[in-house]
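Note that the sequence shown ends on residue 299 in the numbering used here; no numbers are left out.
To start, the structure itself, in structure tokens.
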Amino acid sequence: MLIFSGTSNKKLSETIAFHLRIATSPLEIHIFPDGEKRVRVLEKVVDQDVVVVQSTATPVDQSYMELFFIVDALRRSGAKIITAVIPYLGYQRQDHVFLEGEAVSLDVVARALESCGVNKLMTFDLHSIKIPQVFHIPVIHLSALSLFAGKIKQITHDFPDGILISPDMGGIRRIKLISEMLSNMPFATIVKNRDLQTGKVEASEVRGNLSKTAFVVDDMISSGGTIAAAAYLLKKSGVERIFVFATHPVFSEQAPNVLQKAHVEKVFVADTIEVPREKQFEKLEILSVSKLVAEALR
Ligand code: R5P
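And the structure:
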């Protein structure tokens, strides 16, 4: 097996390769003055199983274009099976038409990946379990929940009265899964309303009983609005300690400031997206999914 890395998450690619006891294979990625890229594979891949690792977070379109070119180069160079490891699958939230006249961006991305030559897709904690149905290739859907469950076990050693919280009704399936991993830890759900035009979030009520310590689990943090609204409501409802767990640190706009200022003790995320130094903040802790990817590739 050979592993190639796009430029979006080199650290993760190298750690995956390390766990597989191989080195990442060389690629030449040249950027022209107008921003166009030229990609060249610098290793023989004829009849080989190859893996390309590329997260498709900000800059989303550039990361996708680079991935398309890498896959095309590998296919033209004779690779047998191309597995795209896209730890964070950009555009997954636009998986259907919400408002009349919209494009289904995820469908466009799926067609592009397949027509470039991707044979298998490996990804993490998709926003909806229906997303694999959009693809005509096998989708290996991994989850960072086991990493989060491990951390929650450590924390509940000191604060045994914990409760899991889904910050919206859409996250109930996820919260049930992690509850099972934690010997059926009790859970509650927040009712969240989002204005589709402005994106503004409001957490209106908690359904279920609360306790002093809450573990909020979500698939991603983008603006931080969902977490801030959930934390505000939980604090107002008497919760004393709030720990946040989210697989994908999309961290758009002012998210790091919003999260640092929110009523939460710690924010745990996975390295499905590389968080640049300038977006890191005191309460943040990053857990690595590299071993999970390496095990799945093996
Ligand atoms: C929404 O349904 C997702 O599960 C996340 O809660 C959401 O995408 C987070 O976005 P933001 O941080 O902008 O509120």
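C-beta atoms are modelled at their ideal positions from N, C-alpha and C, and glycine is treated no differently.
All of these numbers come straight from a predicted model, not from anything done at the bench.
Are the CB atoms of residue j and residue i within a distance shorter than 7 Å?
| i | j | result |
| --- | --- | --- |
| Val-276 | Ala-247 | no |
| Val-217 | Pro-139 | no |
| Val-110 | Tyr-89 | no |
| Leu-165 | Met-182 | no |
| Ala-74 | Val-105 | no |
| Ala-263 | Ala-232 | yes |
| Arg-234 | Ala-189 | In the sequence under discussion, the amino acid at residue 234 is Leu, which differs from the Arg named in the question. No, Cβ-Cβ distance for Leu-234 and Ala-189 is not below 7 Å. |
| Ile-274 | Ser-56 | yes |
| Ile-179 | Leu-146 | yes |
| Ile-17 | Ser-291 | yes |
| Asp-220 | Asp-126 | yes |
| Gly-225 | Ala-256 | yes |
| Gly-151 | Thr-157 | no |
| Glu-241 | Lys-280 | no |
| Glu-37 | Thr-25 | no |
| Phe-70 | Val-40 | yes |
Would you give the residue range spanned by the alpha helix (DSSP H) that residue i belongs to?
| i | result |
| --- | --- |
| Glu-181 | 173-182 |
| Leu-100 | From DSSP, Leu-100 is part of no alpha helix (DSSP H); its letter is neither H nor E. |
| Arg-22 | First-last for Arg-22: undefined, no H or E at that position. |
| Pro-250 | Not the alpha helix (DSSP H): Pro-250 falls in the beta strand (DSSP E), residues 242-250. |
| His-158 | 146-159 |
Along the beta strand (DSSP E) that carries residue i, what are the first and last residues, could you check?
| i | result |
| --- | --- |
| Phe-5 | 3-6 |
| Asn-194 | 188-195 |
| Met-221 | 214-222 |
| Gly-163 | 163-167 |
| Lys-267 | 267-271 |
| Met-123 | 121-125 |
| Ala-301 | The chain is shown from 2 up to 299; residue 301 falls before or after that span and cannot be answered. |
| Lys-38 | 38-42 |
| Asp-73 | Unbroken run through Asp-73 is the alpha helix (DSSP H), 61-77; no beta strand (DSSP E). |
My understanding is that residue i touches residue j, with C-beta atoms under 8 Å, so please give their C-beta distance in whole angstroms.
| i | j | result |
| --- | --- | --- |
| Val-54 | Ser-116 | With a Cβ gap of about 20 Å, Val-54 and Ser-116 do not count as contacting. |
| Met-123 | Leu-107 | Contact flag wrong, Cβ pair sits at about 16 Å. |
| Glu-266 | Phe-252 | Not a contact, Cβ separation roughly 18 Å. |
| Ala-230 | Lys-193 | 7 Å |
| Val-294 | Val-86 | 6 Å |
| Leu-197 | Ile-228 | No, Leu-197 and Ile-228 are not in contact; Cβ-Cβ is about 19 Å, not under 8 Å. |
* Asked: Does the segment 45-65 come close enough to the segment 75-88 that 3 or more CB-CB pairs lie under 8 Å?
  -> yes
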